[in-house]
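Enquirer:
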Amino acid sequence: MNKKPSQLHHYQNSVMNSARWAQFEPRDDDIIITTSYKAGTTWMQGICAALVFQQPEPPLPQDDLTPWLDANFAPIEEVITQLDGLTHRRYIKTHCPLDGALYYDNVKYIFVGRDGRDVFASMWNHWNNMMTESIDGLNNAPDRSGPTLPHPPEDVQPAFDEWLSKGSFEWEQDGYPFWSHFHHAQTWWDFRHLDNILFVHFSDLLKDTDGEMRKISNYLDIPIDENVWPTLVEGVSFNSMKANADKMAPGVAGGLWKDNSQFFHKGENQRWRGLLSEAQSERYEEVAGARLSPDLCQWLAQGNQE
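So for the sequence shown, this note's numbering puts the first residue at 4; every next one is plus one.
1. Taking contact to mean 3 or more Cβ pairs, one atom from each stretch, closer than 8 Å, check whether the stretch 51 to 63 and the stretch 190 to 204 are in contact.
2. So who's on the other strand from A74, going by DSSP bridges?
3. Could you name the residues that DSSP lists as bridge partners for I113?
4. Do W46 and V236 have their CB atoms nearer than 8 Å?
5. Compute the Euclidean distance between the alpha carbons of V18 and L105, then round it to the nearest angstrom.
6. Along the chain, where does the beta strand (DSSP E) that runs through T97 open and close?
7. Along the alpha helix (DSSP H) that carries M133, what are the first and last residues, could you check?
8. Between the Cα of H1 and the Cα atoms of W166, S9, L72, which residue gives the shortest distance?
9. Check this for me: beta carbons of A282 and G119, under 8 Å apart or not?
10. Tell me the residue span of the alpha helix (DSSP H) that contains R217.
11. Please name the residue or residues paired with L303 in a DSSP beta bridge.
12. Rounded to the nearest angstrom, what separates A293 and H184 at their Cα positions?
13. Measuring alpha carbon to alpha carbon, tell me which residue in D177, D139, F181 is nearest P150.
14. If I measure Cβ to Cβ from L299 and keep anything under 8 Å in the same chain, skipping five residues before and after, which residues do I get?
15. Please state whether the Cβ-Cβ distance between V110 and D33 is less than 8 Å.
16. Give the list of continuous alpha helix (DSSP H) stretches no shorter than 4 residues that lie fully inside the stretch 133 to 189.
17. Is there contact between the stretch 11 to 25 and the stretch 209 to 218, where contact requires at least three CB pairs shorter than 8 Å?
18. Run the CB neighbour count on E80, radius 10 Å, all protein chains shown included, and call it buried at 16 or more, exposed below.
19. Grab me the residues of R93's own chain with a C-beta within less than 6 Å of its C-beta, minus the 5 sequence neighbours each way, in chain order.
20. Is it buried or exposed for G49, if we count other Cβ within 10 angstroms and need 16 for buried?
21. To the nearest angstrom, how far is the alpha carbon of T84 from that of V115?
22. Nearest to A53 by alpha carbon, out of G277, S243, E289, S284?
23. How many Å lie between F205 and V231 at the Cα?
24. Which first and last residues belong to the alpha helix (DSSP H) in which V235 is found?
25. Return the CA-CA distance between N16 and E229, expressed in angstroms with no decimal places.
26. Count the other CB atoms, across all protein chains shown, that sit within 10 Å of the CB of S9; report buried if there are 16 or more and exposed otherwise.
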(Lines of atoms letter the chains of each structure in order from A; the text may use other names.)
(Lines give C-alpha, C1' and ligand atoms only; values in the text may rest on other atoms or scores of the structure.)
Protein backbone atom coordinates (compact mmCIF):
# COMPACT_ATOMS: atom_id res chain seq x y z
CA MET A 4 0.00 0.00 0.00
CA ASN A 5 1.30 3.44 -0.92
CA LYS A 6 -1.37 5.53 0.74
CA LYS A 7 0.11 8.43 2.72
CA PRO A 8 -1.58 10.78 5.20
CA SER A 9 -2.72 14.22 4.11
CA GLN A 10 -3.65 17.30 6.11
CA LEU A 11 -7.46 17.65 5.95
CA HIS A 12 -8.37 19.74 8.99
CA HIS A 13 -7.09 22.63 11.05
CA TYR A 14 -7.39 22.00 14.78
CA GLN A 15 -7.33 25.13 16.89
CA ASN A 16 -8.76 25.92 20.29
CA SER A 17 -7.52 27.51 23.50
CA VAL A 18 -5.12 24.60 24.08
CA MET A 19 -3.65 23.64 20.71
CA ASN A 20 -3.12 24.78 17.14
CA SER A 21 -2.18 22.23 14.49
CA ALA A 22 -0.87 25.01 12.18
CA ARG A 23 2.20 25.27 14.42
CA TRP A 24 3.64 22.19 12.64
CA ALA A 25 4.20 24.30 9.51
CA GLN A 26 7.31 25.80 11.13
CA PHE A 27 8.81 22.46 12.19
CA GLU A 28 11.79 21.02 10.30
CA PRO A 29 12.27 17.32 11.05
CA ARG A 30 15.56 15.55 11.50
CA ASP A 31 16.02 12.06 10.12
CA ASP A 32 16.17 10.46 13.58
CA ASP A 33 13.31 12.41 15.19
CA ILE A 34 10.74 10.57 17.31
CA ILE A 35 7.18 11.91 17.49
CA ILE A 36 4.97 10.60 20.31
CA THR A 37 1.24 10.92 19.73
CA THR A 38 -1.88 10.25 21.79
CA SER A 39 -5.30 11.84 21.96
CA TYR A 40 -4.53 12.67 25.64
CA LYS A 41 -4.11 10.82 28.93
CA ALA A 42 -3.24 7.55 27.21
CA GLY A 43 0.37 7.30 28.32
CA THR A 44 1.99 10.29 26.63
CA THR A 45 4.22 11.29 29.54
CA TRP A 46 5.06 7.66 30.24
CA MET A 47 6.22 7.25 26.64
CA GLN A 48 8.24 10.46 26.88
CA GLY A 49 9.92 8.97 29.96
CA ILE A 50 10.61 5.73 28.08
CA CYS A 51 12.08 7.59 25.11
CA ALA A 52 14.24 9.67 27.47
CA ALA A 53 15.56 6.51 29.12
CA LEU A 54 16.36 4.97 25.74
CA VAL A 55 17.87 8.09 24.18
CA PHE A 56 20.04 9.03 27.17
CA GLN A 57 20.60 5.46 28.45
CA GLN A 58 19.96 6.53 32.02
CA PRO A 59 17.00 6.17 34.41
CA GLU A 60 15.96 9.82 34.22
CA PRO A 61 16.65 12.61 31.73
CA PRO A 62 19.44 15.10 32.40
CA LEU A 63 17.00 18.03 32.44
CA PRO A 64 13.28 18.47 33.15
CA GLN A 65 11.21 17.00 30.35
CA ASP A 66 9.78 20.45 29.57
CA ASP A 67 13.27 21.41 28.38
CA LEU A 68 13.71 18.31 26.24
CA THR A 69 10.40 17.21 24.74
CA PRO A 70 7.91 20.01 24.04
CA TRP A 71 4.28 19.58 23.06
CA LEU A 72 4.71 21.32 19.73
CA ASP A 73 1.04 22.02 18.92
CA ALA A 74 0.25 23.45 22.37
CA ASN A 75 -0.39 27.17 22.80
CA PHE A 76 1.73 27.33 25.96
CA ALA A 77 4.57 29.31 24.37
CA PRO A 78 5.07 31.17 21.07
CA ILE A 79 5.92 28.71 18.32
CA GLU A 80 9.12 30.65 17.57
CA GLU A 81 10.37 29.89 21.09
CA VAL A 82 9.52 26.20 20.76
CA ILE A 83 11.28 25.93 17.39
CA THR A 84 14.35 27.67 18.81
CA GLN A 85 14.31 25.22 21.71
CA LEU A 86 14.05 22.23 19.35
CA ASP A 87 16.76 23.54 17.03
CA GLY A 88 19.11 23.87 20.01
CA LEU A 89 18.75 20.25 21.11
CA THR A 90 21.77 18.14 20.22
CA HIS A 91 20.45 14.76 21.37
CA ARG A 92 18.01 12.63 19.44
CA ARG A 93 14.74 14.52 19.72
CA TYR A 94 11.46 13.03 20.97
CA ILE A 95 8.53 15.39 20.49
CA LYS A 96 4.99 15.27 21.80
CA THR A 97 1.79 15.89 19.86
CA HIS A 98 -1.91 15.41 20.51
CA CYS A 99 -2.83 16.25 16.94
CA PRO A 100 -4.89 13.79 14.88
CA LEU A 101 -3.03 12.67 11.77
CA ASP A 102 -5.54 14.42 9.51
CA GLY A 103 -4.42 17.73 11.01
CA ALA A 104 -0.67 17.11 11.24
CA LEU A 105 2.04 17.22 8.65
CA TYR A 106 3.36 13.72 7.93
CA TYR A 107 7.09 13.08 7.54
CA ASP A 108 8.56 9.97 5.93
CA ASN A 109 11.88 10.41 7.72
CA VAL A 110 10.74 10.38 11.36
CA LYS A 111 9.46 7.58 13.60
CA TYR A 112 6.05 7.90 15.21
CA ILE A 113 4.88 6.16 18.36
CA PHE A 114 1.13 6.09 18.88
CA VAL A 115 -0.06 5.17 22.38
CA GLY A 116 -3.62 3.92 22.76
CA ARG A 117 -5.90 3.24 25.73
CA ASP A 118 -9.50 2.38 26.51
CA GLY A 119 -11.46 5.61 26.25
CA ARG A 120 -13.14 5.16 29.62
CA ASP A 121 -9.73 5.16 31.27
CA VAL A 122 -8.71 8.11 29.13
CA PHE A 123 -11.69 10.08 30.39
CA ALA A 124 -11.10 9.06 34.03
CA SER A 125 -7.49 10.21 33.79
CA MET A 126 -8.53 13.39 32.01
CA TRP A 127 -11.06 14.14 34.76
CA ASN A 128 -8.22 14.10 37.30
CA HIS A 129 -6.01 16.11 34.95
CA TRP A 130 -8.72 18.72 34.34
CA ASN A 131 -9.41 19.16 38.04
CA ASN A 132 -5.68 19.43 38.78
CA MET A 133 -5.22 22.38 36.42
CA MET A 134 -4.76 25.75 38.09
CA THR A 135 -7.76 28.01 37.57
CA GLU A 136 -5.43 30.77 36.45
CA SER A 137 -3.90 28.47 33.83
CA ILE A 138 -7.26 27.70 32.25
CA ASP A 139 -8.19 31.38 32.26
CA GLY A 140 -4.83 32.29 30.76
CA LEU A 141 -5.33 29.89 27.84
CA ASN A 142 -8.87 31.09 27.19
CA ASN A 143 -7.95 34.78 27.38
CA ALA A 144 -4.73 34.70 25.38
CA PRO A 145 -4.65 37.60 22.88
CA ASP A 146 -4.27 35.30 19.87
CA ARG A 147 -6.68 32.59 21.02
CA SER A 148 -9.04 31.23 18.37
CA GLY A 149 -11.59 28.45 18.45
CA PRO A 150 -13.33 26.73 21.37
CA THR A 151 -12.40 27.64 24.94
CA LEU A 152 -11.73 25.22 27.79
CA PRO A 153 -14.34 25.53 30.56
CA HIS A 154 -13.52 24.95 34.20
CA PRO A 155 -14.37 21.40 35.26
CA PRO A 156 -17.93 20.94 36.48
CA GLU A 157 -18.69 19.51 39.90
CA ASP A 158 -20.36 16.32 38.69
CA VAL A 159 -18.34 13.85 36.65
CA GLN A 160 -21.19 11.85 35.13
CA PRO A 161 -22.81 14.65 33.09
CA ALA A 162 -19.30 15.63 31.99
CA PHE A 163 -18.72 12.11 30.68
CA ASP A 164 -22.07 12.10 28.87
CA GLU A 165 -21.11 15.34 27.15
CA TRP A 166 -17.61 14.04 26.34
CA LEU A 167 -19.17 11.00 24.68
CA SER A 168 -21.86 12.83 22.72
CA LYS A 169 -20.54 16.28 21.77
CA GLY A 170 -17.62 17.34 19.63
CA SER A 171 -15.45 20.44 19.73
CA PHE A 172 -14.97 20.56 15.96
CA GLU A 173 -17.62 20.21 13.26
CA TRP A 174 -16.12 16.96 11.93
CA GLU A 175 -16.10 15.30 15.38
CA GLN A 176 -18.97 13.74 17.33
CA ASP A 177 -17.38 13.42 20.75
CA GLY A 178 -14.51 14.57 22.96
CA TYR A 179 -15.89 17.87 24.29
CA PRO A 180 -14.38 20.08 25.65
CA PHE A 181 -11.11 18.69 24.28
CA TRP A 182 -11.06 16.71 21.02
CA SER A 183 -12.17 13.27 19.97
CA HIS A 184 -10.31 10.27 21.36
CA PHE A 185 -12.03 8.09 18.76
CA HIS A 186 -11.36 10.26 15.73
CA HIS A 187 -7.76 10.83 16.77
CA ALA A 188 -7.12 7.08 17.07
CA GLN A 189 -8.83 6.27 13.78
CA THR A 190 -6.76 8.81 11.83
CA TRP A 191 -3.58 7.08 12.97
CA TRP A 192 -4.92 3.51 12.76
CA ASP A 193 -5.88 4.01 9.11
CA PHE A 194 -2.15 4.32 8.34
CA ARG A 195 -0.85 1.44 10.45
CA HIS A 196 0.52 -0.09 7.25
CA LEU A 197 3.30 2.52 7.31
CA ASP A 198 6.48 1.12 8.81
CA ASN A 199 7.34 4.38 10.59
CA ILE A 200 4.27 4.27 12.88
CA LEU A 201 4.45 2.00 15.93
CA PHE A 202 1.31 1.26 17.94
CA VAL A 203 1.77 0.71 21.68
CA HIS A 204 -1.06 0.08 24.13
CA PHE A 205 -1.15 1.37 27.70
CA SER A 206 -2.39 -2.00 28.94
CA ASP A 207 0.53 -3.83 27.35
CA LEU A 208 2.98 -1.40 28.95
CA LEU A 209 1.41 -2.14 32.32
CA LYS A 210 1.55 -5.91 31.85
CA ASP A 211 5.09 -6.12 30.51
CA THR A 212 7.04 -2.87 30.68
CA ASP A 213 10.33 -4.64 30.03
CA GLY A 214 9.08 -6.44 26.93
CA GLU A 215 7.34 -3.41 25.47
CA MET A 216 10.39 -1.24 26.07
CA ARG A 217 12.50 -3.77 24.21
CA LYS A 218 10.13 -3.57 21.25
CA ILE A 219 10.30 0.22 21.32
CA SER A 220 14.09 0.20 21.57
CA ASN A 221 14.32 -2.16 18.60
CA TYR A 222 11.89 -0.01 16.59
CA LEU A 223 14.02 3.07 17.30
CA ASP A 224 17.21 1.21 16.36
CA ILE A 225 18.67 1.78 19.83
CA PRO A 226 20.91 -1.10 20.98
CA ILE A 227 20.07 -2.62 24.36
CA ASP A 228 22.82 -2.55 26.96
CA GLU A 229 21.87 -5.28 29.42
CA ASN A 230 24.18 -3.77 32.03
CA VAL A 231 22.02 -0.66 32.38
CA TRP A 232 18.69 -2.02 31.15
CA PRO A 233 17.16 -2.87 34.58
CA THR A 234 17.79 0.68 35.77
CA LEU A 235 16.03 2.08 32.68
CA VAL A 236 12.96 -0.08 33.27
CA GLU A 237 12.83 0.90 36.94
CA GLY A 238 13.31 4.57 36.07
CA VAL A 239 10.08 4.63 34.06
CA SER A 240 7.99 2.77 36.62
CA PHE A 241 4.90 4.63 37.83
CA ASN A 242 6.31 5.07 41.33
CA SER A 243 9.63 6.41 40.04
CA MET A 244 8.01 8.92 37.70
CA LYS A 245 5.50 10.07 40.33
CA ALA A 246 8.30 10.54 42.90
CA ASN A 247 10.18 12.60 40.31
CA ALA A 248 7.11 14.54 39.13
CA ASP A 249 8.79 17.96 39.31
CA LYS A 250 11.15 16.78 36.58
CA MET A 251 9.00 14.34 34.62
CA ALA A 252 5.56 16.01 34.47
CA PRO A 253 4.81 18.50 31.67
CA GLY A 254 3.88 22.10 32.37
CA VAL A 255 5.70 22.24 35.70
CA ALA A 256 7.80 25.26 34.79
CA GLY A 257 4.67 27.18 33.85
CA GLY A 258 2.88 26.39 37.11
CA LEU A 259 0.12 24.49 35.31
CA TRP A 260 -0.79 22.10 38.15
CA LYS A 261 -2.19 22.42 41.64
CA ASP A 262 -0.08 19.37 42.58
CA ASN A 263 2.70 18.18 40.25
CA SER A 264 2.70 14.66 41.68
CA GLN A 265 -1.06 14.40 41.14
CA PHE A 266 -0.36 14.47 37.40
CA PHE A 267 0.70 10.84 37.93
CA HIS A 268 -2.56 9.84 39.59
CA LYS A 269 -2.96 6.06 39.54
CA GLY A 270 -1.51 4.56 36.36
CA GLU A 271 -4.08 1.77 36.33
CA ASN A 272 -6.57 0.14 33.99
CA GLN A 273 -10.34 0.26 34.57
CA ARG A 274 -10.00 3.22 36.89
CA TRP A 275 -13.34 4.40 35.51
CA ARG A 276 -15.10 1.81 37.66
CA GLY A 277 -16.81 3.61 40.52
CA LEU A 278 -16.57 6.87 38.59
CA LEU A 279 -18.96 6.01 35.76
CA SER A 280 -22.18 4.04 35.93
CA GLU A 281 -22.58 0.65 34.27
CA ALA A 282 -25.09 2.24 31.91
CA GLN A 283 -22.49 4.82 30.89
CA SER A 284 -19.92 2.09 30.33
CA GLU A 285 -22.35 0.20 28.11
CA ARG A 286 -23.12 3.39 26.22
CA TYR A 287 -19.41 3.96 25.72
CA GLU A 288 -19.06 0.49 24.18
CA GLU A 289 -21.97 1.20 21.83
CA VAL A 290 -20.48 4.50 20.70
CA ALA A 291 -16.98 3.05 20.29
CA GLY A 292 -18.41 0.22 18.19
CA ALA A 293 -20.26 2.68 15.96
CA ARG A 294 -17.43 5.18 15.45
CA LEU A 295 -14.35 2.99 15.25
CA SER A 296 -13.36 0.29 12.81
CA PRO A 297 -13.89 -3.13 14.46
CA ASP A 298 -10.19 -3.94 14.71
CA LEU A 299 -9.35 -0.57 16.27
CA CYS A 300 -12.30 -0.83 18.67
CA GLN A 301 -11.00 -4.18 19.90
CA TRP A 302 -7.39 -2.98 20.14
CA LEU A 303 -8.27 0.14 22.15
CA ALA A 304 -10.30 -1.99 24.55
CA GLN A 305 -7.82 -4.85 24.97
CA GLY A 306 -4.41 -4.06 23.53
CA ASN A 307 -2.33 -6.81 21.94
CA GLN A 308 -3.75 -9.69 23.95
CA GLU A 309 -2.20 -13.03 23.10
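Beta carbons: idealized from backbone N, C-alpha and C, even for Gly.
Expert: The answer reads as follows:
1. In short, these stretches do not touch, since the Cβ pair count stays below three.
2. Counted from its first residue, the sequence shown places residue 74 at position 71. M19.
3. As a position in the sequence shown, residue 113 is number 110, starting the count at 1. Answer is I36, L201.
4. As a position in the sequence shown, residue 46 is number 43, starting the count at 1. As a position in the sequence shown, residue 236 is number 233, starting the count at 1. The Cβ atoms of W46 and V236 do not sit closer than 8 Å to each other.
5. Here residue 18 refers to the residue found at position 15 of the sequence shown. Here residue 105 refers to the residue found at position 102 of the sequence shown. Taking the straight line joining both Cα atoms gives about 19 Å.
6. For the purposes of this step, residue 97 is taken as residue 94 along the sequence shown, with counting starting at 1. Note, T97: beta strand (DSSP E), 94 to 97.
7. As a working note, residue 133 is residue 130 in the sequence shown. Here M133 belongs to no alpha helix (DSSP H), and DSSP marks it neither H nor E.
8. Residue 1 is absent from the model: the chain starts at 4 and stops at 309.
9. Start at 1 with the first residue of the sequence shown, and residue 282 comes out as number 279. Start at 1 with the first residue of the sequence shown, and residue 119 comes out as number 116. Not closer than 8 Å, so no.
10. Working through the sequence shown from its first residue, we reach residue 217 at position 214. First-last of the alpha helix (DSSP H) with R217: 212 to 222.
11. Against the sequence shown, residue 303 aligns to sequence position 300. L303 pairs with nothing; no bridge assigned.
12. Here residue 293 refers to the residue found at position 290 of the sequence shown. Here residue 184 refers to the residue found at position 181 of the sequence shown. Roughly 14 Å between the two C-alpha positions.
13. Taking the first residue of the sequence shown as 1, we reach residue 150 at position 147. When only C-alpha atoms are compared, the closest one is F181.
14. Residue numbering aside, residue 299 sits at position 296 when the sequence shown is read from its first letter. Around L299: A188, Q189, W192.
15. Mapped onto the sequence shown, residue 110 falls at position 107. Mapped onto the sequence shown, residue 33 falls at position 30. Contact flag set, yes.
16. 135 to 142, 159 to 168
17. no
18. Start at 1 with the first residue of the sequence shown, and residue 80 comes out as number 77. Flag for E80 reads exposed.
19. Numbered from 1 along the sequence shown, position 90 holds the residue referred to as residue 93. Taken in chain order, the residues that qualify are D33.
20. Locating residue 49 in the sequence shown gives position 46, where the first residue counts as 1. Burial state of G49 is buried, judged by a 10 Å Cβ sphere holding 16 or more other Cβ atoms.
21. Here residue 84 refers to the residue found at position 81 of the sequence shown. Here residue 115 refers to the residue found at position 112 of the sequence shown. Approximately 27 Å, taken between the alpha carbons.
22. Working through the sequence shown from its first residue, we reach residue 53 at position 50. Out of G277, S243, E289, S284, S243 has the C-alpha closest to the C-alpha of A53.
23. Stepping through the sequence shown from its first residue, residue 205 is reached at position 202. Stepping through the sequence shown from its first residue, residue 231 is reached at position 228. Roughly 24 Å between the two C-alpha positions.
24. What you label residue 235 is simply residue 232 of the sequence shown in a count that begins at 1. The question names Val, but residue 235 is Leu in the sequence shown. That run of the alpha helix (DSSP H) goes 232 to 238.
25. On the sequence shown, position 13 is the one that residue 16 refers to. On the sequence shown, position 226 is the one that residue 229 refers to. About 45 Å.
26. Along the sequence shown, one-based indexing puts residue 9 at 6. With fewer than 16 Cβ atoms within 10 Å of its Cβ, S9 is classed as exposed.
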